[in-house]
Every structure is written in structure tokens, then in C-alpha cells.
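Trainee: Below are the C-alpha cells for one structure; questions will follow.
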Amino acid sequence: MDYCNVIEKIRKSIGIVYMVQGQNKIISKGSGFIFFKKGILVTCNHVIAKQDSNVLIQFPDKQELLFQAKVMMRDEEHDLVLLKFDDTTREPLEIASSDIIKEGIPVIFAGYPLGLVSLTTHQGILSAILTDATGVTTYLIDGTVNSGNSGCPLMSEDGKVIGVVNAKRMEHSDLLTKMGEQKIGVISLQGIDLVELFQAIISNVQLGIGYAIPCTYIPKPHNVDQDILVGDKK
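With my numbering, you'll find the sequence shown wraps up at 236, consecutive numbering, no jumps.
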């Protein structure tokens with residue numbers, strides 16, 4: 003299928019999320035998308051860690067602009083956060099009907115992996131719908147998910163949102179997180195900085211498989227209709 007028209011339609015609604023420190027030093031980066039209404043962006047909570055401010059949003063069509071964002075709502079259990087920023091020009095992405103969400107459907111996801119500032123789109127299959135012992139549902143995607151994809155939308159072929167991609171959910175993720183947070187220069191071997199090497203590896207690893215959080219778990223602002231969250235039945 004040709005996704006040219008779909009990508010053109012969604013492009014302006016998917017942005018880069020930066021967590022900054024000090025003099026705008028970037029310490030983490032992910033993707034996010036406009037949802038519910040203008041000026042609200044969804045991303046993964048781990049992208050901004052525990053920051054409530056010092057978060058910037060950039061869009062590919064206006065790379066010279068950086069929007070200051072603040073946390074609107076946070077759901078640490080499902081690793082989701084809503085960010086509020088001052089913009090009234092970008093349209094929210096539409097939500098897919100719950101009727102189409104089945105194992106085996108083709109899906110696409112678009113974000114900013116590997117430090118890229120150009121929107122990058124991948125296609126895959128919704129290979130499994132998993133439910134854990136606590137009743138929490140996760141989507142398993144047969145598609146390459148890289149660092150930086152966290153927070154980007156998982157969509158149906160027509161560009162409607164099914165879930166939120168989470169690039170961090172992998173085996174031994176706690177260990178990887180702790181290693182990734184180590185300071186460069188702490189451990190070296192024969193002149194090679196092992197922490198820097200490890201951070202480069204986890205930033206560029208291609209998993210070949212990914213996870214997504216169903217959009218039903220996205221925190222819902224009080225002034226948003228329930229119909230927007232559930233998806234139409236048309």
C-alpha cells in the first residue's frame with residue numbers, strides 16, 4: 003500500500019519531545035503526537051522522566067520553533083503522559099474504531115528514531131494482543147522499533163491511532179536504564195569508555211519487534227468527550 007497521502011496528513015501532528023537541562027542541554031529525546039485537541043501532545047512518561055518542565059517540543063515543518071511544554075496529566079503505571087503547549091494550529095490525530103483492532107491487521111508507526119529530525123515511518127503487523135495477570139493489555143508489533151520511537155503513534159493503515167509505541171519495554175529494561183544513566187568516563191577498558199559504548203549500543207539497537215500501549219490507557223482530560231477516546235463505530 004502507498005502511504006504517501008497518509009504520511010502527508012499526519013506529518014504536522016507528530017513532533018519530537020526533548021527533555022533539557024541547564025542551558026538547553028538535551029538529556030533525552032522521544033516522539034509524541036497531538037491527541038484529543040490542539041495544544042495537547044501524548045508521549046511516553048519515560049521520555050521526560052520525572053520532569054514537570056524543561057520539556058521542549060519541535061515539529062518537522064517548523065524546525066526553527068521550540069515549544070515549551072508542561073505536564074498536564076501523567077500515568078506512570080502505563081508509562082504515558084499528556085503535555086500541554088501553546089499552539090492552536092496543529093490538528094489532533096483521529097482515533098481508530100475499536101472494531102478494527104485485531105491480531106494480524108497491518109499497522110504503521112511514525113516518529114523520530116536514532117536522533118533523526120525527519121519523520122520516519124515504519125510498517126508492520128499487530129502480531130499479538132497480550133493481557134497480563136493484572137488485566138493490562140499490550141500490543142505486540144512485528145516491526146522495527148528503535149530508540150526515539152517511544153511516544154509515537156501506532157496507527158491503522160489510514161492513519162488513525164490504535165496505541166502509543168513504547169521502545170523501552172524490553173527484556174532487562176531496568177538494567178539497561180541504570181546502565182544508560184551512568185556518567186561517561188566512569189568505566190573504561192584499554193582506553194575505550196564502556197559507558198559511552200553501551201549508551202551508543204542501546205540508542206541504535208534494532209529490536210525487530212516492538213510494544214505499544216492501547217490508546218484507551220491515555221489519560222483523558224476532564225473537558226474531552228468520552229466518544230473521542232473510545233473511537234467511532236463507523
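We put the CB at the ideal spot given by N, CA and C, even for glycine.
Measuring CB to CB, does V109 end up less than 8 Å from M157?
Mentor: Against a cut-off of 8 Å, the Cβ pair of M157 and V109 comes out as a contact.
Trainee: May I ask you to verify whether the segment 54–69 touches the segment 118–136, counting CB pairs closer than 8 Å and requiring at least 3?
Mentor: Segments in contact, yes.
Trainee: DSSP three-state call for P115: helix, strand or coil?
Mentor: Helix.
Trainee: Where does I42 land, buried or exposed, given buried means 16+ other C-beta within 10 angstroms?
Mentor: It is buried - the Cβ of I42 has at least 16 other Cβ atoms within 10 Å.
Trainee: Provide the residue(s) that pair with S30 in DSSP beta bridges, ordered along the chain.
Mentor: DSSP lists M21 as partners of S30.
Trainee: Under 6 Å Cβ to Cβ from Q23, same chain only, skipping five residues before and after it: list those, please.
Mentor: The residues are I29.
Trainee: Would you mind working out which of T91, G165 and K14 sits nearest I102, comparing C-alpha positions?
Mentor: Closest option to I102, Cα to Cα, is G165.
Trainee: Can you give the Cα-Cα distance for M21 and Q125, rounded to whole angstroms?
Mentor: Computed Cα separation, rounded: 27 Å.
Trainee: Considering V163, what are the terminal residues of the beta strand (DSSP E) in which it resides?
Mentor: Segment V163 to N168, the beta strand (DSSP E) holding V163.
Trainee: For the segment 214–222 against the segment 141–160, are there 3 or more C-beta pairs whose distance is under 8 Å?
Mentor: Touching, per the Cβ criterion.
Trainee: So what's E66 in DSSP terms, helix, strand or just coil?
Mentor: Reduced to three states, the DSSP call for E66 is strand.
Trainee: Within its chain, find whatever has a CB closer than 8 Å to the CB of L67; leave out the 5 residues flanking it on each side and keep chain order.
Mentor: Closer than 8 Å at the Cβ level, and outside the excluded window around L67, lie Q60 and F61.
Trainee: Should N225 be labelled buried (16 or more other beta-carbon atoms within 10 Å of its own) or exposed?
Mentor: Per the 10 Å Cβ criterion, exposed.
Trainee: How should L132 be labelled, buried or exposed, when 16 other C-beta atoms within 10 angstroms of its C-beta is the threshold for buried?
Mentor: Under this definition L132 is an exposed residue.
Trainee: Return the bridge partner residues of F87 from the DSSP annotation.
Mentor: DSSP, once it has assigned bridges, lists A71 as partnering F87.
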